[in-house]
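Residue numbers (the working numbering): 47 to 333. Ideal Cβ positions, reconstructed from N, Cα and C, are used throughout, including at glycine. For reference, the structure discussed in these notes is given below.
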Ligand SMILES: [Zn+2]
């Protein structure tokens, strides 16, 4: 890592200095071996995730679905993915998280996210692309890895958004309560992208990590990991057609992604074949 310092941007060097001073830390991804510089603790990230989630849920534009046909499949898939996460190399963190999932009634928005701490949201718009619960498992596996692999925290550290967001989250969690809103840029860095103007895309490294570990989680949860290929192909088609695909604007590089998924598939299939397969029920799609 030292050899790379010369090529690092000033921000990254700042992060590195912070690390040397004991402010942040260097973590290694347990699946890919990638080194990450992080300015925050998991506990702080969970606090920020909770704050971002409460802001999403209190936004009057975010209508929560009341329809069991929309809520039940999401809850089923989420529960299985979370159980797989608890058995994974992220088991310790997954046990700590206070998992929760909300279905946002918005048929026009193709989005889903999972925040540090385990707060998740699925927009009903993604049903039309996910098609089945197995497709949804591919989406949720991917999003859950962004949270467990601490991608949001890493991205925040790079964008120097951490301190202000921590102050807001800390004040909200404290006894006094209240105290401002987390900035939209900080929310976006954590993964809440759809309703904000500023999109800070996850890097290709983060996306690849989420794809790779995500299909392992989906397979372990009993969902056919091959569904992920169809999912991303449908996403790519929408992107070509200029559709309302906000989910994709944070997920670049479709052809590379599909090629990589195919390379990783044997490993995911080896896991899937040891599991009791879960039926891939169709999701409800708005007419
Ligand atoms: Zn992603």
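* Since residue 82 is in the beta strand (DSSP E), which residue starts that stretch and which ends it? -> By 1-based counting over the chain shown, the position of residue 82 is 36. Counting along the chain, the unbroken beta strand (DSSP E) around residue 82 starts and ends at 81 to 84.
* Asked: Helix or strand or just coil, what does DSSP make of residue 158?
  -> Translated into the one-based positions of the chain shown, residue 158 becomes position 112. Residue state, collapsed to three classes: strand.
* Does the beta-carbon of residue 107 have 16 or more other beta-carbons within 10 angstroms, so that it is buried, or is it exposed? -> Position 61 of the chain shown, counted from the first residue, corresponds to residue 107. With fewer than 16 other Cβ atoms within 10 Å, it is exposed.
* Take residue 178 and list the residues in its own chain whose beta-carbon comes closer than 8 Å to its own, dropping the five residues that flank it on each side. => On the chain shown, position 132 is the one that residue 178 refers to. 273, 326, 327, 328, 329, listed in sequence order.
* **C-alpha gap between residue 310 and residue 331, whole angstroms** => Taking the chain shown and counting its residues from 1, the one referred to as residue 310 is at position 264. Taking the chain shown and counting its residues from 1, the one referred to as residue 331 is at position 285. Spanning the alpha carbons of residue 310 and residue 331 requires a straight line of approximately 30 Å.
* To do: For the beta strand (DSSP E) containing residue 167, list its first residue and its last residue.
  => Walking along the chain shown from the start, residue 167 turns up at place 121. Segment 165 to 169, the beta strand (DSSP E) holding residue 167.
* Asked: Going by other Cβ atoms of all chains shown within 10 Å of its Cβ, with 16 needed for buried, is residue 291 buried or exposed?
  -> Mapped onto the chain shown, residue 291 falls at position 245. For residue 291, the pLDDT reaches just 45, beneath the cut-off of 50, and the residue's location in the model is therefore unreliable, although a value from the coordinates is still provided. When all chains shown are included, residue 291 counts as buried.
* Asked: When every heavy atom of ligand 1 is checked, does at least one fall within less than 6 Å of the C-beta of residue 256?
  -> On the chain shown, position 210 is the one that residue 256 refers to. Residue 256 Cβ: within cutoff of ligand 1.
* Within the present structure, is the beta-carbon of residue 200 separated from the nearest heavy atom of ligand 1 by less than 6 Å? -> On the chain shown, residue 200 is found 154 positions in, with the first residue counted as 1. For ligand 1, not one heavy atom lies less than 6 Å from the Cβ of residue 200.
* Asked: Excluding the five sequence neighbours on either side, which residues of its own chain have a C-beta within less than 7 Å of the C-beta of residue 289, listed in chain order?
  -> On the chain shown, position 243 is the one that residue 289 refers to. Only weak support is given to the placement of residue 289: the predicted model assigns it a pLDDT of 44, under 50, and the question is left unresolved by the model.
* To do: Could you tell me whether any non-hydrogen atom of ligand 3 is closer than 6 Å to the CB of residue 253?
  => Ligand 3 is absent from the structure shown, which contains only ligand 1.
* Asked: From this set, 149, 113, 200, which residue's C-alpha is nearest residue 84's C-alpha?
  -> Counting from one through the chain shown, the residue named residue 84 turns up at place 38. For the residues 149, 113, 200, the minimum Cα distance to residue 84 belongs to 200.
* Measure the Cβ-Cβ separation of residue 182 and residue 128 and say whether it is below 7 Å. => The residue you call residue 182 lines up with position 136 of the chain shown. The residue you call residue 128 lines up with position 82 of the chain shown. No, the pair does not count as a contact, with Cβ atoms beyond the cut-off.
* Asked: Whose C-alpha, out of 72, 97, 188, is nearest the C-alpha of residue 215?
  -> For the purposes of this step, residue 215 is identified with residue 169 of the chain shown, where counting begins at 1. Nearest to residue 215 by alpha-carbon distance, out of 72, 97, 188, is 97.
* Asked: Whole-angstrom Cβ separation of residue 277 and residue 185, contact assumed at under 8 Å?
  -> Position 231 of the chain shown, counted from the start, is the residue given in the question as residue 277. Position 139 of the chain shown, counted from the start, is the residue given in the question as residue 185. That pair is a contact at about 7 Å.
* **4 or more residues per run - each alpha helix (DSSP H) lying fully within the region 172 to 211** => Taking 4 residues as the minimum length, the alpha helix (DSSP H) runs contained wholly in the region 172 to 211 are 173 to 176, 179 to 194, 197 to 205, in order along the chain.
* To do: Could you tell me the distance, in whole angstroms, from the CA atom of residue 213 to the CA atom of residue 228?
  => Stepping through the chain shown from its first residue, residue 213 is reached at position 167. Stepping through the chain shown from its first residue, residue 228 is reached at position 182. Cα-Cα distance, rounded: 9 Å.
* Compare the C-alpha of residue 137 against each of 207, 190, 155 and name the closest. => Reading the chain shown from its first residue, position 91 is the one you call residue 137. Cα-wise, what sits closest to residue 137 is 190.
* Asked: How is the alpha helix (DSSP H) around residue 137 delimited, first residue to last?
  -> On the chain shown, residue 137 is found 91 positions in, with the first residue counted as 1. Element bounds for residue 137: 137 to 142.
* Counting Cβ pairs, one atom from each stretch, are 3 or more of them under 8 Å apart for the region 254 to 273 and the region 159 to 166? -> At 8 Å Cβ cutoff, the stretches do not touch.
* To do: Count the other C-beta atoms from every protein chain shown that fall within 10 angstroms of the C-beta of residue 105, then say buried if there are 16 or more, exposed otherwise.
  => Sequence index remark: in the chain shown, residue 105 carries index 59 (1-based). A residue is called buried when at least 16 other Cβ atoms come within 10 angstroms of its Cβ; residue 105 does not meet this threshold and is exposed.
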